[in-house]
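> Can you read through this structure? Questions will come right after.
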Amino acid sequence: MRGQILKRSVKRLKMLARILSIVIYQTGIKSIIDASNKYLGFFGGALLGLFMLGIFTKRAKALPTILGGIASVGIIFMLDHWNKADGTGTTYNLIHPYMYLILSCVTTMVLGYLGSLIGPQQVYEKIKEFTLVKERSV
3 MRGQILKRSV KRLKMLARIL SIVIYQTGIK SIIDASNKYL GFFGGALLGL FMLGIFTKRA
63 KALPTILGGI ASVGIIFMLD HWNKADGTGT TYNLIHPYMY LILSCVTTMV LGYLGSLIGP
123 QQVYEKIKEF TLVKERSV
């Protein structure tokens with residue numbers, strides 16, 4: 003029974019790899035590593051920004067932080083599709099895709115923190131064990 007399930011799983015994985023390779027070929031992706039870095043920058047940077055904002059600040063709230071992450075993905079997506087022509091018919095991206103992760107992380111943190119400044123501050127006692135920020139003794 004296990005052998006049959008394993009054989010079916012391997013067949014499905016092989017079929018998925020074939021389909022993925024056809025899609026990669028048809029879309030003109032030159033390097034799978036560059037493509038994975040680019041898409042990791044879209045979503046991984048926002049996720050890293052959410053994590054860092056929650057760890058390093060006392061002020062972060064859920065809704066503004068998540069909206070900052072969504073806005074960050076949108077901004078990076080627009081930067082990816084905003085090409086600049088150099089007059090010779092060649093287009094190039096204004097920002098290299100390797101920078102997407104850093105920009106997405108910083109954008110998420112800034113927008114999430116600025117959004118968290120609106121409204122009352124949350125009770126620090128509820129979150130103090132989850133952050134690296136310690137209370138100052140006077």
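The working numbering puts the first residue of the sequence shown at 3, with every later residue one more than the last.
Quick reminder that beta carbons are idealized off the backbone N, C-alpha and C, glycines included.
Keep in mind it's a predicted model, so treat the numbers as computed, not measured.
1. Among I26, I104, L18 and G30, which has the Cα closest to the Cα of G46?
2. What separation, rounded to the nearest whole angstrom, lies between the Cα atoms of S11 and Q123?
3. Measuring CB to CB, does Y102 end up less than 8 angstroms from G43?
4. Write down every uninterrupted run of the alpha helix (DSSP H) in the segment 74–123 whose length is 4 residues or greater and which is fully enclosed by it, in chain order.
5. Give every residue of the same chain whose Cβ lies closer than 8 angstroms to the Cβ of G121, excluding the five residues on either side of it in the sequence, and list them in chain order.
6. Which class does M3 belong to by DSSP, given the choice of helix, strand or coil?
7. With a cut-off of 8 angstroms, does the C-beta of L81 fall near any C-beta of chain C?
8. Suppose contacts are defined by Cβ-Cβ distances below 8 angstroms. Is A37 in contact with S74 by that definition?
9. Go ahead and label M111 buried or exposed: buried means 16 or more other beta carbons lie within 10 angstroms of its beta carbon, across all protein chains shown.
10. To the nearest angstrom, how far is it from the Cα of S33 to the Cα of L8?
11. What residues in its chain sit with their C-beta under 6 angstroms from that of C107, if we drop five residues either side in the sequence?
12. By DSSP, does I31 sit in helix, in strand, or in coil?
13. Check the C-beta distance from G70 over to G117 and give it rounded, since I have them as a contact under 8 angstroms.
Taking the geometry as given:
1. I104
2. 51 angstroms
3. Yes, the Cβ-Cβ distance between Y102 and G43 is below 8 angstroms.
4. 102–118
5. K63
6. coil
7. Of the protein chains in the structure, only one exists, and it is not chain C.
8. No, Cβ-Cβ distance for A37 and S74 is not below 8 angstroms.
9. buried
10. The alpha-carbon of S33 is positioned some 31 angstroms away from that of L8.
11. G47, L50 and G51.
12. coil
13. 6 angstroms
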